[in-house]
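Okay, so here's the structure we're looking at.
Protein chains in written order, with our numbering: chain A, -10 to 258; chain Z, 627 to 1065.
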């Protein structure tokens, strides 16, 4: 009896996505859980494809993830996430010469922000700033709405934010913690010119979503194969590197509360 | 994994003082290099007076999958960040820090002119001593790639196509000594040969020399190509074997060069390449086993060549040609020494190897067809060389000398095979099957 091939939806935010999913397909075949993949150009299309049953499982940004949960009345299945998706944070980076010593000092300043559908570079940092008592009407935003529909996956808007800060086009900016740490570690940040003013509370990031109708054995078979990928395995490692993780972990629901609140406040559902 | 008592074990607790360094301004050079020598789960304390480190270090830990344990106040009031080393990208093995290779006085015979100015200060560090300090592992993993032996290898690298992974089958204990010797004995076929002393001689003798040199160069070309096929298969844990082969290849390149220069320096020119030679050398490309190929090429072929080079040296018309032969023979003797060491070592580890080597010699003999005599142009050229010309009575003597050469080759080949660890009966069988082409 041949096994059903499950179709995984993902978004082609970069040419490497094809390489990633070819590698995933090969790995899942070896694991006895055959998959194929369908690539969409944006997460809105991917969410619809999952809801319409065109794909069995979809790899989603936090924004797409909470939208699927909302559209399924919270009944959708969350099958897994990257280790890097847990406890994500955003950074408020400031120019050292801008005289910004506290969050209150952001008032009257130019704040560079990432794409409006980027959880880490726009939605949540602004939400947390409001929560800290910042009146965003008194802050001038310099938005970089690049790669809309990709939900910040490309990181392009975050690099745009850093470039604007370096060039002095803004006094402050919002970026995800991993891009910030990565740029620092690579020596691309002048520590005398750019510094972190504040780090947001943690939130969770991407997730594999499925409809509640996915059979239990399919969900388990998918997870078994997913969690069998190992960083130490030379054939797995390139895929894991490109996808930005060391280890696949079970999904958890606790990390999306703030995102839902933010979307409620902004009416951005 | 190799372990020796003087190497420090990975450490489980450490502290670094980062001063006021920001994370992106040099602190990582301190933190990363310390974590690299710590075992997973080990705890590193980072002392810091930089406030930005409070924001940046936890994020960097998340990026690298180390656990940021927390921030404490040190007794001097500074920040003390605690990091638990994560389990990823942990290079296996223990650190070589503190290793000191032995340094010995440079022997007088190895001193260059410049070195002799301060002879007492000259020291040498040999590859043999390094091998003794960092021994080869019995078995090597194709996943360690080109990492030099002794390096700590981060797991997860690709599988390399090395197939010679066993110390006992490729690396005799004396390989590094032979390598050291090979490096010292390199010479220059343009500068180190007294070309000016070769006068145009008898055209017949020069033609014979041209033929002989062509034959030598043809055989040396095979000795360049055959070991080269195996070089990329050798695991770098046994790099001394690859390095020695590299020296041998340089030797062969020089021989090809110097032989054809000698053929053309005084009117002789290139001679004939025969089917017997071509077929014989073609058959050297067939073995796919390093030990079989080494046995056929270095023990039987190059071993037999020692006698041939000696013969040409003894009968050379001028001192420069004799000197060329002496230099080439000295190099070839080293190749034979390695071949013998290799086969002797492999035979001592695996007695069934004799059967495989005998089968290889038989297989090769079967491909050589009916030709059981030395290629005629070579035989004639050697005879004319030994005669010093084409005067009939001299030719008779040349012919006798040639017959004597064949006998010497046979006797010495059997001696070499006994030396490699074969019995008298085995040695005689193998020697008798050897190609009439010498190599």
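In this text, a Cβ means the ideal position worked out from N, Cα and C, and glycines have one as well.
Name the DSSP beta bridge partners of residue 730 of chain Z, please? Z:750
For residue 629 of chain Z, which of helix, strand or coil comes out of DSSP? With a pLDDT of only 42 at residue 629 of chain Z, under the threshold of 50, the placement of this residue in the model should not be trusted; the figure read from the coordinates follows. Correct three-state label for residue 629 of chain Z: coil.
Distance CB(residue 67 of chain A)-CB(residue 197 of chain A) smaller than 8 Å: yes
Whole-angstrom Cβ separation of residue 77 of chain A and residue 194 of chain A, contact assumed at under 8 Å? 5 Å
In chain order, what residues of the same chain lie with their CB nearer than 8 Å to the CB of residue 713 of chain Z, ignoring the 5 residues before and after it? 666, 667, 691
Using a Cβ-Cβ cutoff of less than 6 Å, which residues in the same chain neighbour residue 643 of chain Z once the five nearest sequence positions on both sides are dropped? 673
Interface residues of the segment 140 to 163 of chain A facing chain Z [CB-CB below 7 Å]: none
Can you list the residues of chain Z that residue 185 of chain A reaches, using a CB-CB cut of under 7 Å? 678, 681, 682
Give a yes or no on whether the C-beta atoms belonging to residue 789 of chain Z and residue 779 of chain Z are separated by under 8 Å. no
Less than 8 Å between the beta carbons of residue 162 of chain A and residue 150 of chain A, yes or no? yes
Going by CA-CA distance only, name the one from Z:831, Z:1061, Z:1040 that's closest to residue 611 of chain Z. Only positions 627 to 1065 of chain Z appear in this structure, which leaves residue 611 of chain Z out of reach.
Name the chain Z residues whose beta carbon is nearer than 8 Å to that of residue 178 of chain A? 650
From the beta carbon of residue 51 of chain A, is the nearest beta carbon of chain Z less than 8 Å away? no
Which whole-angstrom value is the C-beta distance of residue 1012 of chain Z and residue 1024 of chain Z, which I expect to be below 8 Å? 4 Å
Around the Cβ of residue 986 of chain Z, are there at least 16 other Cβ atoms within 10 angstroms (buried) or fewer (exposed)? buried
Consult DSSP for residue 685 of chain Z and reduce its assignment to one of helix, strand or coil. helix
I need the boundaries of the alpha helix (DSSP H) containing residue 993 of chain Z, first residue and last residue. 979 to 993
Should residue 170 of chain A be flagged as near chain Z, meaning a C-beta pair shorter than 8 Å? yes
Would you tell me roughly how many angstroms separate the C-alpha atoms of residue 860 of chain Z and residue 775 of chain Z, rounded to the nearest one? 13 Å
Which two residues bound the contiguous alpha helix (DSSP H) that contains residue 869 of chain Z? 865 to 891
So with Cβ pairs under 8 Å, would you call residue 791 of chain Z a contact of chain A? no
Tell me, please, whether the CB atom of residue 1047 of chain Z is closer than 8 Å to any CB atom in chain A? no
Whether residue 710 of chain Z touches residue 751 of chain Z by CB criterion (8 Å): no
Cα-Cα separation, residue 631 of chain Z to residue 798 of chain Z: The predicted model places residue 631 of chain Z with a pLDDT of 43, which falls under 50 and marks its position as unreliable; any figure quoted below should be read in that light. The alpha-carbon atoms of residue 631 of chain Z and residue 798 of chain Z are separated by roughly 26 Å.
Suppose you measure from the CA of residue 822 of chain Z to the CA of residue 888 of chain Z; what does that come to, to the nearest Å? 12 Å
Where residue 114 of chain A falls: helix, strand or coil (DSSP): helix
Of all the CB atoms in chain A, is at least one closer than 8 Å to the CB of residue 778 of chain Z? no
Assign residue 284 of chain A to one of two classes, buried (16 or more other C-beta atoms within 10 Å of its C-beta) or exposed (fewer than that). Since the first residue shown for chain A is -10 and the last is 258, residue 284 of chain A is missing from the structure and cannot be characterised.
Alpha carbon to alpha carbon, how far is residue 128 of chain A from residue 716 of chain Z? 45 Å
If you measure between the beta carbons of residue 1004 of chain Z and residue 837 of chain Z, is that distance less than 8 Å? yes
Across the segment 760 to 767 of chain Z and the segment 862 to 880 of chain Z, are there enough close Cβ pairs to call them in contact, namely three or more that are closer than 8 Å? yes
Just to check my reading of the structure: residue 56 of chain A and residue 238 of chain A have Cβ atoms closer than 8 Å, yes? What is that Cβ distance to the nearest angstrom? Residue 56 of chain A to residue 238 of chain A, Cβ: 22 Å. No contact.
Going along the chain, which residues of its own chain have a beta-carbon closer than 6 Å to the beta-carbon of residue 993 of chain Z, five neighbours each way excluded? 909
Counting Cβ pairs, one atom from each stretch, are 3 or more of them under 8 Å apart for the segment 674 to 686 of chain Z and the segment 168 to 182 of chain A? yes
4 or more residues per run - each alpha helix (DSSP H) lying fully within the segment 163 to 217 of chain A: 166 to 174, 205 to 216
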